[in-house]
Each structure stands twice: as C-alpha cells, then as structure tokens.
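K.L.:
The structure's right below; bear with me while I get my questions together.
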Amino acid sequence: MSNSIAEAFKKLNVTPGADLSEHQQIFSISYDYLTKVKNYDDLKAFKNCLISLINLDRYYKAYEIIQKIPQDYVVALILEISYVYYKIGKSDALVELYNSTNIDNEGLKVGLKHILAQNYYKIGEYEKALELYHDLIENNKYDNKVDVIVNERSVISQLNFFHKTGLQSTYDHSEYGDNYDLLFNEALIQLSNNDLSLSLQSLEKAEQICESQNIDLSQADLISEVLPIKLTRAYVYELQGEIAKSIELLDSIDVDAIQDTILKLIVKNNKYLLTPQTLDLNLVERDLDYQTALQKLGQKLTKYQYQIIKKNSLKLRYATGTLSTSQISNKFINQYLKDFTGDLVPLVYKVLLKIDISFQDLEDQELDKQVAKKLHKHLNALRNEFTDEYIVTVLLTLFAAKSEDSISRAYGELKSAVAVNLTQAKLVPGLISVFLSIEKERKEGWKQEDRVIEHLLATEKDTFNDLHYFNFAKTVALLNQKPGEPATPLIQFLSTVRQDKIINSVLNQSNDELLSIESLASSKSLEQLVSSQAVDELASQIVPQKPVHEILGKTIKKTPSKVVKKRTKKQKVPKFSKNKVLKPEGEFEIDEERWLPMKLRSYYKPTKKERKKLGGGHQGALEFGSGTSSPAPESQTSSSSGDKKKKKKKGKK
Numbered sequence: 001m002s003n004s005i006a007e008a009f010k011k012l013n014v015t016p017g018a019d020l021s022e023h024q025q026i027f028s029i030s031y032d033y034l035t036k037v038k039n040y041d042d043l044k045a046f047k048n049c050l051i052s053l054i055n056l057d058r059y060y061k062a063y064e065i066i067q068k069i070p071q072d073y074v075v076a077l078i079l080e081i082s083y084v085y086y087k088i089g090k091s092d093a094l095v096e097l098y099n100s101t102n103i104d105n106e107g108l109k110v111g112l113k114h115i116l117a118q119n120y121y122k123i124g125e126y127e128k129a130l131e132l133y134h135d136l137i138e139n140n141k142y143d144n145k146v147d148v149i150v151n152e153r154s155v156i157s158q159l160n161f162f163h164k165t166g167l168q169s170t171y172d173h174s175e176y177g178d179n180y181d182l183l184f185n186e187a188l189i190q191l192s193n194n195d196l197s198l199s200l201q202s203l204e205k206a207e208q209i210c211e212s213q214n215i216d217l218s219q220a221d222l223i224s225e226v227l228p229i230k231l232t233r234a235y236v237y238e239l240q241g242e243i244a245k246s247i248e249l250l251d252s253i254d255v256d257a258i259q260d261t262i263l264k265l266i267v268k269n270n271k272y273l274l275t276p277q278t279l280d281l282n283l284v285e286r287d288l289d290y291q292t293a294l295q296k297l298g299q300k301l302t303k304y305q306y307q308i309i310k311k312n313s314l315k316l317r318y319a320t321g322t323l324s325t326s327q328i329s330n331k332f333i334n335q336y337l338k339d340f341t342g343d344l345v346p347l348v349y350k351v352l353l354k355i356d357i358s359f360q361d362l363e364d365q366e367l368d369k370q371v372a373k374k375l376h377k378h379l380n381a382l383r384n385e386f387t388d389e390y391i392v393t394v395l396l397t398l399f400a401a402k403s404e405d406s407i408s409r410a411y412g413e414l415k416s417a418v419a420v421n422l423t424q425a426k427l428v429p430g431l432i433s434v435f436l437s438i439e440k441e442r443k444e445g446w447k448q449e450d451r452v453i454e455h456l457l458a459t460e461k462d463t464f465n466d467l468h469y470f471n472f473a474k475t476v477a478l479l480n481q482k483p484g485e486p487a488t489p490l491i492q493f494l495s496t497v498r499q500d501k502i503i504n505s506v507l508n509q510s511n512d513e514l515l516s517i518e519s520l521a522s523s524k525s526l527e528q529l530v531s532s533q534a535v536d537e538l539a540s541q542i543v544p545q546k547p548v549h550e551i552l553g554k555t556i557k558k559t560p561s562k563v564v565k566k567r568t569k570k571q572k573v574p575k576f577s578k579n580k581v582l583k584p585e586g587e588f589e590i591d592e593e594r595w596l597p598m599k600l601r602s603y604y605k606p607t608k609k610e611r612k613k614l615g616g617g618h619q620g621a622l623e624f625g626s627g628t629s630s631p632a633p634e635s636q637t638s639s640s641s642g643d644k645k646k647k648k649k650k651g652k653k
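Positions 1 to 653 (the UniProt record's numbering) are the ones given, in order, by the sequence shown.
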C-alpha cells in the first residue's frame, strides 16, 4: 500500500489553476503519503497539504497539520503557516512567528509583511498596518506600487473614521491615471474627514470608470466590483439627509445576483434600516440571519464589522423574544468588553433578561410601574459596588421611566451614581453625559459641569490616550467655552494632550484648519429642496435615520388603555355560483333513503379498509348484502350466574 501511495504522490502536479476537486485529490494523496509513508517528515507533502487546504477553505484542518511541522521546515512554509494563522484569527501566534523567524529571502519577507499588515487591519490596529504598508511602498520590487497605495489609503480612511486623525495619503492618486480602486479609497478618506461633497464626486467618478473598464466582465463579477462604491454612495446620501436617493440606489441593486456574502448582508441590512418602520421583526431577523452570518463570516469580518453585526443580532433577538441568557453568558460579555472597551450593550440585555423585562414591556405605557419596580429592586442588590452592571441598570431606569414619579426616582438614582463616580480616578462618559444634559434642561448644569471640569483637569494625561475619553473631555470643554472669549483652562490642558483641529481653532481664534461651511452644507439650495416636496415629507427625510436596533421600539404599537373594538360582519361566500342552473320541479328527484345512515343506504360503496375487514372475518364487522343489511345474530345466554353478574374491575381514578 505504501508503494502505491508513494507512486501517486510522485505523479502529483500542483498548479495554480487547479479546481476544488483537484485540490481535494492532491490533499488526500499528500496526506496519506505524509502520515502513512513519511511519518510527518516530508517538506513537499506538508506544502501540498497546506496549499490544498487553503484553496479548499479548510483552515482548521490546516492548523492541525501545522502542529506536526518540524522546526526545520517552518521557514520554508512560513507563508502558508502565517496565512492560516491570519484566517483563523490567531493574531498573537502570527506576530510571534514574524518576530522570531529570521528570513533571508526578500520575496518571503514581502509576502509575510502583506499578511501581517492585513492581520493588523482586520483586528483594528491601523497604525501598525499603515507602518507596514509605507515600508512596502518604498522598499518593494515585487509588487505593483499602485496596489499597495490602494491598501495604504484604505488603512488611512479607517484610522480617520475611528481615531479622527485627519490623515491624508502622501501619494497623489492623479499620478496613477484612472484607477477606480485608488479613487474609491480616496473617496473613503474624504468621507472619513467629513468632506461629503468631495467624497460623493470621487465616488461617482470611480463608479463610471469601474463600469467602463469592466464592460466585458460577467454580470456577477461586475456587481462585485462596483457594489462597494454604490453602497458608499448610498451611505453619503443618507448622511446628507437625502434618504429618498439612498433608498432608490439600494433598491436598484439586485440582491439575488450578489455572490459575496458580506456585501449581500450589508445591502439587506441597509435597506431595512431605511425602510418605513412597518416591518415584521421576525421576518427581518429570519432574512438577515445574523447568527449564521457571524458563524460563517467570523474570520472574514473586520473587528468593527463584527461589532456592528453582533449588536444588531442581539437587538433583533431581544425584540423578537428569541434572545436567551446562554447567548449573553459572562464569558461572552467579558470577551466582548475586552475587545470593545466601553461598549456595554450586551450587559444591557443581560440585565433585562435577568429581571424578566421584555421588549414589549418597555413599550407598554401601562407597565411603567412594574418595569420601574423590577429595575429598582435589581439596583438595590447592586448598590454596594460601582460595577458596569450597576451603571447599566441606573441608565436603564432612566430610559424605561415614562411617568413623572418613575422619572423623578430614576433621576435621583442617577445623581447618586454620579456622586460616586466623581470620587473615582476616571469618569464614565455615558453616565456623566446623560447627567449633564438633564442638568442643563433643569437649569442646574453649570454648577455640576464645574465639578466635572475640575475632575478632568486633575486627571493623568495618559488617561486621554483613549480617544473616546479625549473626545468626551473635548465635548465638555467646548460646551463650557463661550464664543469670542479666551480658551478655558480645560481647552488649554487638552491642547497639551494631543493635536486636535477644533481645539487648535479655539486656541488660535481661527477657522483655517476647519472645513468650510459650503463643504458641509447640502449641494441643493433651499428652494430646490422644498419646491417639489411637502414639508412633512421633507422633514421625514431630513431627520437622521436611526440604526436598526433603535428602530425596533417603533415597530410594535403601544396598546391603548381602553380598546374599542369595532364589530364587522363577515361577508358570507355564496353557496352556489351565480351560474347555477336549477332543474324544473317535475324533474327534481328526492332521495327516499336520505333519512338513513349512509352505510345503510342501498347505493353506499364501502371503503377499501371496510372491504378488508369483511374479508378478514373480524368479529363485529358489518356485512353488507345485495340490497339490505342482514340482521344481527341473537345473543346466546349462558346458564352460569357468574357470567351474568360479572363485576367490572375498578381502575385507578
């Protein structure tokens, strides 16, 4: 047997154009040869196995084989090993392999840097990804420079979106001709810097170039190329308040023709987001099927794509009543909070499920007291420790409060929580922001805001390395800054922490670094906006649309306190059709046997089952004669008195 396996292995020819069945055959033969003949000690067999499994998308099987690779073969197989690590999300193992391996081959180094850069992009470490791409642009003789610049621009746009760095690429896209990938990523950078008008122009141009250059592609391939551009255009329209345009563009996309699973999910998600709130949430959940998408696409999604889909999944499941406590276990929540610091959304659902508050309960005005009672009872149990669950419950009491009494009580709990937070080293932005906004409404904000500002001024500078915390402090500072007056101490303090265009604008009393009003305004004049639309329609389009999870509250109508039912009479369907022809009275024959049971009528035909019983001669079976039923046989009496007076056995009740 081993000889035949060895012969088959020698005849293998691994080509780049091999189809899936060929890769399956290559893997089977190579794996048999590796395990049964060579005992996990053959470089070529290892390579064949890994390449075949990568082409078959069987990364976890490839990872099993990687565990058996001798140390001497690691450098020769480093690209395959690294790619498998990247695909199954073993980021730490990939970085460790990169740092611990000495590679002399320049081509291998370049390939490994590409994989590592993609890994950093996927997990959200954009600064490290950008550093690698800059190195690949300047010191790389193997790749097309334009392709690497496209990736560099993609990383810059994400850096700007999530860290507000305001970066621009140092490579001018106009030098590289009509490259729609380059132009598309340039549009993303413009969008990340909030330059909507310029971004839309770049997107429209990129779409035109893409369609003209790919005119010979199949319909499916053309959709894959142009769809990301269309989706971004629809998003820009939404940001500009042109909801009708966004919906029109999304409706023009044939969802069934999309082969890329991620793109199909994004199109469906965004269409539901923008449609009127008359949705059946159960149908939406079934159509989007977030849970299956997360299982299938988990390793293909970027960190923030995963976050959005997971949150949407939790919210839809909660709204439809299909969210269980096992889906939001402590293990899941701890990992989620580690990956997405400060995002307490899963904890919200854990609290609501724990104290048995449903989505419908939160919507029902009449259940306000019961909901408030459950929340305050849970709050009392958590009061001794200032935990994330305590913070979430405090905010939930405020969110769920509808009556004057419950609002007043929830506000008191919020004040108590803020008082505790002000004694700690770091403030909770969500808690403080809600409190300050309420205090402003009550005309008591300045006093409380002063206490918050004092706390921020006394905070260690390293704390502001967290961009979210810096933005929170910046918001507080700007709300406290009066126009035309010198910068407040908090503005001056924040300018020493990190560079920020708005902070610099206040310090220098200049708007030179900021975008012009024209670039932020709508491209249409007011006359154009209102000329062809009713005011109500216009208002419904300008109001920013909420994400899927916030729409949920409006899809189920609140039950009124008194239900007035309107009685409606159901229209009966006529028994006979309009064209029914009735026989004259003389021709109409009345069935004389109509009073008899059906089985005793002369024209009755027994069923197959009844005929079978007759043939078997079962006791008690009916026998049908040629026209009349036969009389039942007379029962014979026994002389035994015991048979006459048989007692029935009493069963248990």
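Cβ coordinates follow ideal geometry from the N, Cα and C atoms, glycine included. All of these numbers come straight from a predicted model, not from anything done at the bench.
Sorted by chain position, which residues of the same chain lie with C-beta nearer than 8 Å to residue 389's C-beta, five sequence neighbours on each side aside?
P.N.:
Start at 1 with the first residue of the sequence shown, and residue 389 comes out as number 389. Closer than 8 Å at the Cβ level, and outside the excluded window around residue 389, lie 347, 350, 351, 382.
K.L.:
Beta-carbon within less than 7 Å of residue 90's beta-carbon, same chain only, minus the 5 sequence neighbours each way: which residues are those?
P.N.:
To locate residue 90, count along the sequence shown from 1; it is residue 90. Once the five neighbours on either side are set aside, residue 90 has no close Cβ partner at all.
K.L.:
Just the C-alpha distance for residue 199 and residue 264, rounded to the nearest angstrom, thanks.
P.N.:
Along the sequence shown, read from residue 1 onward, the residue named residue 199 stands at position 199. Along the sequence shown, read from residue 1 onward, the residue named residue 264 stands at position 264. For residue 199 and residue 264, the distance between alpha carbons rounds to 23 Å.
K.L.:
Mapping DSSP to helix, strand and coil, what is residue 147?
P.N.:
Residue numbering aside, residue 147 sits at position 147 when the sequence shown is read from its first letter. Helix at residue 147.
K.L.:
From residue 87 to residue 79, what does the alpha carbon distance come to, in whole angstroms?
P.N.:
As a working note, residue 87 is residue 87 in the sequence shown. As a working note, residue 79 is residue 79 in the sequence shown. Residue 87 and residue 79: Cα-Cα distance of roughly 12 Å.
K.L.:
Give the range of the alpha helix (DSSP H) segment to which residue 120 is assigned.
P.N.:
As a first step, residue 120 is located in the sequence shown; it is residue number 120 there, counting from the start. Here the alpha helix (DSSP H) through residue 120 covers 106 to 123.
K.L.:
Going by other Cβ atoms of all chains shown within 10 Å of its Cβ, with 16 needed for buried, is residue 643 buried or exposed?
P.N.:
Sequence index remark: in the sequence shown, residue 643 carries index 643 (1-based). The predicted model places residue 643 with a pLDDT of 46, which falls under 50 and marks its position as unreliable; any figure quoted below should be read in that light. Burial call: exposed.
K.L.:
Would a C-beta distance cut-off of 7 Å place residue 279 and residue 247 closer than the cut-off?
P.N.:
Residue 279 sits at position 279 when you count from the first residue of the sequence shown. Residue 247 sits at position 247 when you count from the first residue of the sequence shown. Taking 7 Å as the Cβ cut-off, residue 279 and residue 247 do not qualify as a contacting pair.
K.L.:
Taking the C-alpha atoms as reference points, what is the distance between residue 54 and residue 25?
P.N.:
Against the sequence shown, residue 54 aligns to sequence position 54. Against the sequence shown, residue 25 aligns to sequence position 25. Approximately 14 Å between the Cα atoms of the pair.
K.L.:
Measure how close the beta-carbons of residue 363 and residue 320 come, nearest whole angstrom, since I'm counting them as under 8 Å.
P.N.:
In the sequence shown, the residue the question calls residue 363 occupies position 363. In the sequence shown, the residue the question calls residue 320 occupies position 320. That belief does not hold up - the Cβ atoms of residue 363 and residue 320 are roughly 13 Å apart, past 8 Å.
K.L.:
Can you give me the start and stop residues for the alpha helix (DSSP H) that residue 597 sits inside?
P.N.:
As a working mapping, residue 597 is identified with position 597 in the sequence shown. It is not in any alpha helix (DSSP H) - residue 597 carries neither H nor E in the DSSP assignment.
K.L.:
Quick one: any contact between the region 463 to 470 and the region 478 to 489, if contact means 3 or more CB pairs under 8 Å?
P.N.:
The region 463 to 470 vs the region 478 to 489: no contact.
K.L.:
Let me confirm a value: residue 121 is counted as buried when at least 16 other C-beta atoms fall within 10 Å, else exposed. Which label applies?
P.N.:
On the sequence shown, position 121 is the one that residue 121 refers to. Result: buried.
K.L.:
Within 10 Å of its beta-carbon, does residue 442 have 16 or more other beta-carbons around it, so buried, or fewer, so exposed?
P.N.:
Counting from one through the sequence shown, the residue named residue 442 turns up at place 442. When all chains shown are included, residue 442 counts as exposed.
K.L.:
Helix, strand or coil, according to DSSP, for residue 361 in the structure here?
P.N.:
For the purposes of this step, residue 361 is taken as the residue at position 361 of the sequence shown. Residue state, collapsed to three classes: helix.
K.L.:
If you measure between the beta carbons of residue 250 and residue 271, is that distance less than 7 Å?
P.N.:
Position 250 of the sequence shown holds residue 250. Position 271 of the sequence shown holds residue 271. Yes, these two residues count as a Cβ contact at 7 Å.
K.L.:
Using the three-state DSSP reduction, which class does residue 604 fall into: helix, strand or coil?
P.N.:
The residue given as residue 604 occupies position 604 in the sequence shown. The answer is coil: DSSP assigns residue 604 none of H, G, I, E or B.
K.L.:
Under 7 Å, do residue 491 and residue 473 count as touching if we go by C-beta distance?
P.N.:
Start at 1 with the first residue of the sequence shown, and residue 491 comes out as number 491. Start at 1 with the first residue of the sequence shown, and residue 473 comes out as number 473. No; because the gap between Cβ atoms is not below 7 Å, this pair is not in contact.
K.L.:
Quick check on the burial criterion: 16 or more other C-beta atoms within 10 angstroms. Buried or exposed for residue 216?
P.N.:
By 1-based counting over the sequence shown, the position of residue 216 is 216. Exposed, by the Cβ-count rule.
K.L.:
Between residue 426 and residue 411, what straight-line distance do the alpha-carbon atoms span, to the nearest angstrom?
P.N.:
The residue labelled residue 426 in the question sits at position 426 within the sequence shown. The residue labelled residue 411 in the question sits at position 411 within the sequence shown. When rounded, the distance between both Cα atoms is 22 Å.
K.L.:
Does DSSP classify residue 475 as helix, strand or coil?
P.N.:
Position 475 of the sequence shown, counted from the start, is the residue given in the question as residue 475. Residue 475: helix per DSSP, three-state reduction.
K.L.:
Which whole-angstrom value describes the C-beta separation of residue 658 and residue 182, a residue pair presumed to lie in contact below a C-beta threshold of 8 Å?
P.N.:
Here the chain has residues from 1 to 653 only, and residue 658 is not among them.
K.L.:
Quick one: residues in its chain with C-beta nearer than 7 Å to the C-beta of residue 123, no 5 flanking neighbours on either side, listed in chain order?
P.N.:
Working through the sequence shown from its first residue, we reach residue 123 at position 123. 91, 303.
K.L.:
Alpha carbon to alpha carbon, how far is residue 44 from residue 292? Give it in angstroms, no decimals.
P.N.:
Translated into the one-based positions of the sequence shown, residue 292 becomes position 292. Translated into the one-based positions of the sequence shown, residue 44 becomes position 44. Between residue 292 and residue 44, the C-alpha separation is close to 37 Å.
K.L.:
Residue 116 and residue 142 - do their beta-carbons sit closer together than 7 Å?
P.N.:
What you label residue 142 is simply residue 142 of the sequence shown in a count that begins at 1. What you label residue 116 is simply residue 116 of the sequence shown in a count that begins at 1. Contact: no.
K.L.:
To which residues of the same chain is residue 540 closer than 7 Å at the C-beta, ignoring the five residues directly before and after it?
P.N.:
Along the sequence shown, read from residue 1 onward, the residue named residue 540 stands at position 540. Per-residue confidence for residue 540 stands at a pLDDT of 31, beneath the threshold of 50, marking its modelled position as unreliable; the derived number appears in the next sentence. So no residue of the chain qualifies.
K.L.:
Going by C-alpha distance, which of 222, 428, 432, 361 is nearest residue 400?
P.N.:
Walking along the sequence shown from the start, residue 400 turns up at place 400. If we check each option's Cα against that of residue 400, 361 comes out closest.
K.L.:
In whole angstroms, what separates the C-alpha of residue 112 from that of residue 21?
P.N.:
Start at 1 with the first residue of the sequence shown, and residue 112 comes out as number 112. Start at 1 with the first residue of the sequence shown, and residue 21 comes out as number 21. Whole-angstrom Cα-Cα distance: 28 Å.
K.L.:
Which residue comes first and which comes last in the alpha helix (DSSP H) that contains residue 429?
P.N.:
Numbered from its first residue, the sequence shown carries residue 429 at position 429. It spans 429 to 441 - the alpha helix (DSSP H) in which residue 429 sits, taken as one unbroken run.
K.L.:
Considering only C-alpha positions, which residue in the set 101, 433, 458 is nearest to residue 681?
P.N.:
As displayed, the chain neither begins before 1 nor continues past 653, which places residue 681 out of reach and without an answer.
K.L.:
Suppose you measure from the CA of residue 530 to the CA of residue 238; what does that come to, to the nearest Å?
P.N.:
On the sequence shown, position 530 is the one that residue 530 refers to. On the sequence shown, position 238 is the one that residue 238 refers to. Because the pLDDT at residue 530 is just 39, under 50, the model does not fix this residue reliably, and the point stays unresolved.
K.L.:
Enumerate in chain order the residues of its own chain whose CB-to-CB distance from residue 255 is below 7 Å, with the five nearest sequence positions on each side excluded.
P.N.:
One-based indexing of the sequence shown puts residue 255 at position 255. Once the five neighbours on either side are set aside, the close Cβ partners of residue 255 are 264, 267, 268.
K.L.:
Keeping to the same chain, check which residues put their C-beta closer than 6 Å to that of residue 187; ignore five residues upstream and five downstream.
P.N.:
Residue numbering aside, residue 187 sits at position 187 when the sequence shown is read from its first letter. Excluding residues within five positions, the ones whose Cβ falls inside 6 Å are 199, 202, 203.
K.L.:
Using CA atoms only, rank isn't needed, just tell me which of 420, 209, 184 is closest to residue 232.
P.N.:
Position 232 of the sequence shown, counting from 1, holds the residue named residue 232. It is 184 whose Cα lies nearest to the Cα of residue 232.
K.L.:
Could you compute how far the alpha carbon of residue 413 sits from the alpha carbon of residue 356?
P.N.:
One-based indexing of the sequence shown puts residue 413 at position 413. One-based indexing of the sequence shown puts residue 356 at position 356. Approximately 21 Å, taken between the alpha carbons.
K.L.:
Whose C-alpha, out of 23, 59, 38, is nearest the C-alpha of residue 299?
P.N.:
Indexing the sequence shown from 1 puts residue 299 at position 299. Measuring from the Cα of residue 299, the nearest candidate turns out to be 59.
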